[in-house]
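Residue 398 is where the sequence shown ends in numbering that gives the first Met the number 0, and the numbering goes up by one at each step.
The structure under discussion appears below in the form of structure tokens.
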Amino acid sequence: MSGPLDGVKVVDLTTVVVGPICTRTLADQGAEVIKVEAPGGDILRFLAAGSRTPAMSGKFINFNRNKRSVGLNIKRPEGLAALKAMIAKADVFVSNVRPAALERAGLDFAGLSAINPRLIHCSILAFGRGGRYFNRPAYDPVIQSLSGVAGTFHRAMGEPRFVPMVMTDHTTGLIAAQSIGFALYRREKTGIGEAIEVPMFENMASFVTSEHLGAATFDPPEGPTGDGRLLSPYYRPLPTKDGYITAHPNSNAQAFAFLDAIGRPELKEDPRFCSPIARTHHAAEFFELRCEALKEKTTAEWIEIFTAADVPVAPYNSIDDLLADPHLQDVGFWNFDDHPTEGRIRRTSVANKFSGGMREEVLPAPQLGRHTREVLQEMGYDEEAIAAMLEAGAAFEGT
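What follows is the structure, given as structure tokens:
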């Protein structure tokens with residue numbers, strides 16, 4: 000069996016997280032992804048502690064499985080020509096290079112569609128075209144700060160904070176992969192490629208305001224922005240006698256079962272808690288009530304009680320706890336492979352399943368330039384031409 004994108008060829012000119020997440024998603028679903036790296040390689044190869052060999056950080060390994068690495072210096076004409084030869088035979092080109100640099104190299108949609116009219120050209124941007132921030136550089140913390148993500152923490156906790164993971168990169172990368180899927184579907188009907196621009200800032204501003212625009216949805220506003228439930232200081236795992244737990248009743252059946260479980264059945268008639276809309280308007284009191292009640296028993300006791308009452312509940316997992324989570328063990332989430340240079344490694348499985356088939360072979364994250372010669376041969380370069388490129392520094396290969 001093979002994945003739903005089997006036969007789709009992707010040229011990947013991305014680095015760090017937002018682009019590699021996009022292309023890993025495509026690769027996991029069966030696409031053939033060629034990762035083109037400049038001399039020195041993707042900076043993510045070096046940005047995380049714990050690697051066993053140079054240029055193979057754990058983060059790089061996690062974000063770049065199922066890809067082949069080709070080393071090209073596209074500042075040299077021979078290297079740029081080789082890249083364009085790959086793109087001419089590809090279905091998709093993905094880049095998070097700033098648009099002005101793409102245009103100078105002839106790698107913008109106008110330049111590439113001339114050599115491949117069926118090409119899906121996806122450019123992941125920090126900021127959308129037409130705005131005053133367009134063409135500025137940005138990383139995840141910049142977008143979290145600007146898009147209101149840090150502002151939600153300010154409202155909830157009294158000071159702005161970043162989500163302690165590159166959340167805007169992950170989110171935008173997945174949106175880019177989704178957009179490519181949409182474009183491939185349209186191309187199947189029209190036979191014509193197209194350009195996609197996926198801006199981080201606008202996508203994350205939409206992400207935040209979809210949740211928190213609230214009463215400012217109306218013009219003029221009917222009240223303040225922000226969902227008071229999500230911005231409550233009690234919207235977090237809550238302490239029990241011996242740890243933390245999350246119990247989150249929402250419907251009347253769940254809320255009333257929760258109140259019975261904590262020994263407060265009389266509150267089912269309380270006008271603050273008797274309906275979903277009442278609990279929304281009195282979220283602070285309802286959340287505080289939950290916080291105080293949960294301190295009375297252990298996590299295991301509450302899990303048993305709430306599970307029996309069909310109240311949504313889960314223990315708190317630390318990052319380390321995820322490695323032994325029983326449900327993840329049940330579904331085969333963790334896999335162990337023998338990497339050709341890094342030895343035994345742990346990797347996640349693909350969470351989403353397709354009944355029509357999934358990619359079976361998992362390619363290990365590649366060493367820098369590991370597949371340069373192989374891919375150039377596939378492009379029709381003979382050994383003499385490849386040797387000349389390597390000698391001139393237009394291409395390079397790993398050991």
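Don't be surprised by glycine CBs; every beta carbon is placed ideally from N, CA and C.
Predicted, not measured: the structure shown is a model, and the values here were computed from it.
Would you report the Cα separation of residue i and residue j, rounded to the nearest angstrom?
i: aspartate 41; j: arginine 97; result: 16 Å
i: leucine 183; j: asparagine 134; result: 27 Å
i: proline 220; j: alanine 214; result: 6 Å
i: cysteine 121; j: glycine 397; result: 28 Å
i: isoleucine 261; j: threonine 306; result: 13 Å
i: methionine 164; j: glutamate 382; result: 44 Å
i: glycine 105; j: leucine 111; result: 7 Å
i: lysine 296; j: proline 248; result: 18 Å
i: arginine 64; j: proline 159; result: 34 Å
i: asparagine 95; j: phenylalanine 217; result: 36 Å
i: proline 270; j: alanine 277; result: 7 Å
i: alanine 99; j: serine 205; result: 25 Å
i: lysine 8; j: aspartate 90; result: 5 Å
Nearest CA to the CA of residue i: which residue from the options?
i: glutamate 284; options: Leu389, Ile60 and Tyr233; result: Tyr233
i: threonine 340; options: Ser144, Phe62 and Arg51; result: Arg51
i: valine 148; options: Phe108, Ala175, Ile191 and Thr170; result: Thr170
i: glycine 368; options: Met357, Phe59, Lys8 and Leu71; result: Leu71
i: valine 35; options: Leu46, Ala84, Ser1 and Arg128; result: Ala84
i: alanine 175; options: Ile195, Ala26, Leu118 and Val330; result: Ile195
i: asparagine 334; options: Asn351, Met388, Val361 and Asp319; result: Val361
i: alanine 26; options: Glu359, Pro238, Asp324 and Thr297; result: Glu359
i: threonine 224; options: Asn251, Ser250 and Ala155; result: Ala155
i: glutamine 366; options: Lys352, Cys21 and Pro38; result: Pro38
i: glycine 157; options: Leu230, Asp218, Gly331 and Ala246; result: Leu230
i: alanine 252; options: Thr245, Ile244, Phe272 and Thr239; result: Phe272
i: isoleucine 20; options: Met166, Tyr380, Glu390 and Gly342; result: Met166
i: asparagine 202; options: Leu124, Phe181, Tyr315 and Pro140; result: Leu124
i: tryptophan 301; options: Leu321, Ala80, Pro238 and Gly180; result: Pro238
i: leucine 322; options: Ser348, Arg131 and Leu288; result: Ser348
i: leucine 288; options: Ala254, Ile304 and Asp309; result: Ala254
Hey, residue i and residue j are a contact pair by Cβ (cut 8 Å); roughly how many whole angstroms apart?
i: leucine 43; j: threonine 24; result: Contact doesn't hold; Cβ gap of about 16 Å is too wide.
i: valine 10; j: phenylalanine 62; result: Not a contact, Cβ separation roughly 17 Å.
i: proline 314; j: threonine 298; result: 6 Å
Please tell me whether residue i and residue j are closer than 9 Å, where the distance is taken between their beta carbons.
i: serine 68; j: histidine 370; result: yes
i: methionine 55; j: phenylalanine 126; result: no
i: threonine 279; j: arginine 235; result: no
i: glycine 2; j: glycine 356; result: yes
i: alanine 387; j: leucine 375; result: no
i: isoleucine 33; j: lysine 66; result: yes
i: alanine 391; j: glutamate 31; result: no
i: isoleucine 244; j: leucine 293; result: yes
i: asparagine 316; j: aspartate 324; result: yes
Are the C-beta atoms of residue i and some chain D residue less than 9 Å apart?
i: arginine 117; result: Of the chains in the structure shown, none is chain D; there is only one protein chain.
Segment contact, 8 Å Cβ cut-off, at least three pairs: the stretch 102-118 with the stretch 138-152: no
Taking three-plus beta-carbon pairs below 8 Å as touching, is the stretch 250-261 in contact with the stretch 200-212? no
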